[in-house]
Structures are given as C-alpha cells and as structure tokens.
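Here is the structure we will look at.
2 protein chains.
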Amino acid sequence: MKPDTQPVTGWLADVKFGPDGLLPAIAQDAASGAMLMVAWMNAESLAETAASGRAVYWSRSRGRLWRKGEESGNVQIVNEIRLDCDGDVILLKVEQQGGIACHTGRASCFFRRLDGAPDAPTWTTVDPVLKDPELIYK
Amino acid sequence: MKPDTQPVTGWLADVKFGPDGLLPAIAQDAASGAMLMVAWMNAESLAETAASGRAVYWSRSRGRLWRKGEESGNVQIVNEIRLDCDGDVILLKVEQQGGIACHTGRASCFFRRLDGAPDAPTWTTVDPVLKDPELIYK
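Protein sequence lines correspond, in order, to chains R and A. Sequential numbering from 1 applies to the first sequence in the working numbering. Sequential numbering from 139 applies to the second sequence in the working numbering.
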C-alpha cells in the first residue's frame with residue numbers, strides 16, 4: 001500500500017501527514033529522556049505502532065514498513081505516543097531493547113556534536129559504538 | 139534568501155538538507171531532557187544558530203527566518219548542537235527562557251497523549267497552559 005492511499009479515520013484524522021503521506025517520528029528513551037532517533041511514519045505505520053505497542057516506521061529508502069528491530073532485534077517497546085500542537089510530528093517514549101537505537105551500533109543516532117571555535121566548528125563523534133554493526137546485522 | 143540558494147561550506151557541508159533546503163530540528167530541554175518542539179531549519183538558520191548560540195529556525199508558513207522568541211521573548215539558549223547518523227536531523231539542547239516553548243502557552247508542543255482503549259484511542263491533552271497566549275503575543 002502506498003503511503004498516501006492509507007485510509008485515515010478516528011484519532012488518525014487529527015494527525016497531519018505531509019504531501020508525501022509521511023511525518024517525522026521521534027523516539028525518546030522513556031526512562032532517561034535521551035533522544036534516540038528520528039524516522040518517518042505513514043498512517044499505516046502509526047496505526048500499527050499504536051495497536052502493537054512496538055515502533056513501526058516507514059522506510060523511505062526501502063519504500064516499505066520498517067518494524068524497528070526486525071533485523072537487529074533492537075525492538076522499541078512504546079510506552080507513550082504524543083502528538084505536537086500542529087499535529088504534524090509524533091513523539092514516542094520507548095524502551096529500547098538492547099540499548100542500541102542506531103544502525104552504527106550506538107545508543108543514539110545523535111552521536112555527533114558541534115565543537116570547536118565558533119568561527120570554525122567541526123562535528124565530533126562523542127558517543128561510543130556499543131556493538132559492531134556487523135554483529136548486529138548478521 | 140530562498141532556503142535552497144544558501145551556500146554550504148565547512149561543517150555545514152556534512153548536513154544534508156532536503157530537496158526544499160530544509161531539515162527537521164528538535165529542541166530538547168538541556169537540563170530535564172524534556173522534548174520541547176520540532177521546527178525546520180535551512181542552512182542560513184543553522185549557521186546563525188551556531189554563531190549566535192540562540193535557536194533560529196526557518197518558518198515555512200512565513201517563508202522567512204524565525205528567531206525563536208522574537209515575539210514571545212521565549213528565546214532558546216543553545217548549549218549543544220547534535221547531528222544524527224544520516225546527517226539529516228538536528229538536535230538542539232537548549233535552555234528555554236520563560237519555560238514555554240509552545241505557542242499555546244505550554245512548556246512543550248507535545249502536550250497530547252494517545253490514551254484509551256487500544257481499539258478506540260483518543261488524543262488527550264495532558265499538560266497545562268502556563269500562560270495565556272494572548273499575553274505572550276501581545
């Protein structure tokens with residue numbers, strides 16, 4: 001099913017998907033508050049997330065539903081789903097199984113920090129790889 | 139200046155803006171970890187954010203730079219700028235002046251939570267209005 005042909009009814013009608021049928025979804029660690037990742041959702045993935053209690057995104061690169069952890073085992077258990085004031089961003093508060101959200105083997109996708117002199121800053125990797133990605137996606 | 143005509147050099151070259159010249163930027167409270175809001179940035183707004191230490195977004199509705207707090211006074215002091223693994227989402231860790239990020243007068247834009255029976259959930263407003271928006275934007 002294409003992202004833009006998903007029927008939208010009930011609580012889903014309050015969610016404003018973009019012209020491509022997608023909106024950004026943020027995953028935050030429910031316990032620590034750490035920002036884990038941002039991915040995209042269509043109506044079908046949001047509906048399945050709500051029904052199953054596990055994070056399901058829409059993979060733009062693969063053009064299909066992406067049940068987070070389907071390959072890595074690093075499933076996200078969803079404790080809470082929130083919607084922002086404009087209705088166009090979803091926030092998930094999750095329990096990250098395996099403690100690794102990022103495909104690089106790190107806890108969070110936001111592992112690069114802007115550091116250095118204000119006139120010449122650089123992106124510095126500040127978070128460690130917890131598990132070799134080759135072992136995650138074997 | 140249009141979003142897609144901004145020159146991109148140095149650290150900005152690692153940031154992948156979308157076809158429209160924009161990417162999502164997440165603001166998180168630096169102290170509490172609370173998710174505050176998501177807005178959009180072009181290269182110019184990100185460069186000014188880094189240089190000034192205050193959050194500057196691109197307002198899609200107004201088609202211009204949006205210096206957060208320019209009307210409300212609720213400026214965001216930026217403690218940290220992070221980039222995700224794909225280079226297409228920015229995370230700001232901020233000190234939210236006035237304690238209000240949302241135009242509805244709430245601390246966070248994510249004040250609606252999906253509650254109720256799994257087969258018929260509804261969005262419930264769970265966070266209070268801290269200040270009447272008419273007093274914020276007077």
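No residue lacks a Cβ here, since even glycine has one placed at the ideal position from N, Cα and C. Source: prediction; values computed, not measured.
Could you give the C-beta distance for residue i and residue j, rounded to a whole number, given that I count them as a contact under 8 Å?
i	j	result
valine 78 (chain R)	arginine 54 (chain R)	6 Å
tyrosine 195 (chain A)	serine 183 (chain A)	6 Å
alanine 168 (chain A)	glutamate 218 (chain A)	7 Å
isoleucine 26 (chain R)	isoleucine 164 (chain A)	6 Å
Is there at least one Cβ from chain A nearer than 7 Å to residue i's Cβ?
i	result
methionine 35 (chain R)	yes
glutamine 28 (chain R)	yes
isoleucine 81 (chain R)	yes
leucine 91 (chain R)	yes
lysine 2 (chain R)	Any reading at lysine 2 (chain R) must be qualified, since the residue scores a pLDDT of 49, below 50, and its modelled position is unreliable; the value itself is stated next. No, because no Cβ of chain A sits closer than 7 Å to the Cβ of lysine 2 (chain R).
glycine 40 (chain R)	According to the sequence displayed, residue 40 (chain R) carries tryptophan and not glycine. No, no contact with chain A.
threonine 124 (chain R)	no
proline 24 (chain R)	yes
arginine 104 (chain R)	First, the residue type needs correcting, since residue 104 (chain R) is threonine and not arginine in the sequence shown. Taking Cβ atoms only, chain A reaches closer than 7 Å to threonine 104 (chain R), which makes this a yes.
Please say whether residue j and residue i have beta carbons closer to each other than 7 Å?
i	j	result
leucine 12 (chain R)	alanine 43 (chain R)	yes
methionine 173 (chain A)	glutamine 28 (chain R)	yes
proline 24 (chain R)	valine 38 (chain R)	yes
aspartate 226 (chain A)	cysteine 109 (chain R)	no
glycine 139 (chain R)	glycine 148 (chain A)	It is not possible to answer for residue 139 (chain R), since the shown part of chain R is limited to 1 through 138.
glycine 254 (chain A)	threonine 260 (chain A)	yes
tryptophan 178 (chain A)	arginine 198 (chain A)	yes
aspartate 224 (chain A)	phenylalanine 249 (chain A)	no
arginine 106 (chain R)	valine 129 (chain R)	yes
Is residue i close to chain R? Criterion is C-beta to C-beta, closer than 7 Å.
i	result
isoleucine 238 (chain A)	no
phenylalanine 248 (chain A)	yes
tryptophan 204 (chain A)	no
arginine 198 (chain A)	no
arginine 251 (chain A)	yes
aspartate 152 (chain A)	yes
aspartate 222 (chain A)	yes
proline 259 (chain A)	yes
Cβ contact (3+ pairs, closer than 8 Å) linking the stretch 238-246 of chain A and the stretch 202-221 of chain A: With contact defined as three or more Cβ pairs closer than 8 Å, the stretch 238-246 of chain A and the stretch 202-221 of chain A are in contact.
Contiguous beta strand (DSSP E) assignments of at least 3 residues, all confined to the stretch 172-229 of chain A: 173-179, 194-197, 202-205 and 214-221
The stretch 224-233 of chain A / the stretch 175-193 of chain A touching (three or more Cβ pairs under 8 Å): yes
Continuous beta strand (DSSP E) assignments of at least 3 residues falling wholly in the stretch 84-129 of chain R: The stretch 84-129 of chain R contains these whole beta strand (DSSP E) runs: 90-96, 112-115 and 122-125.
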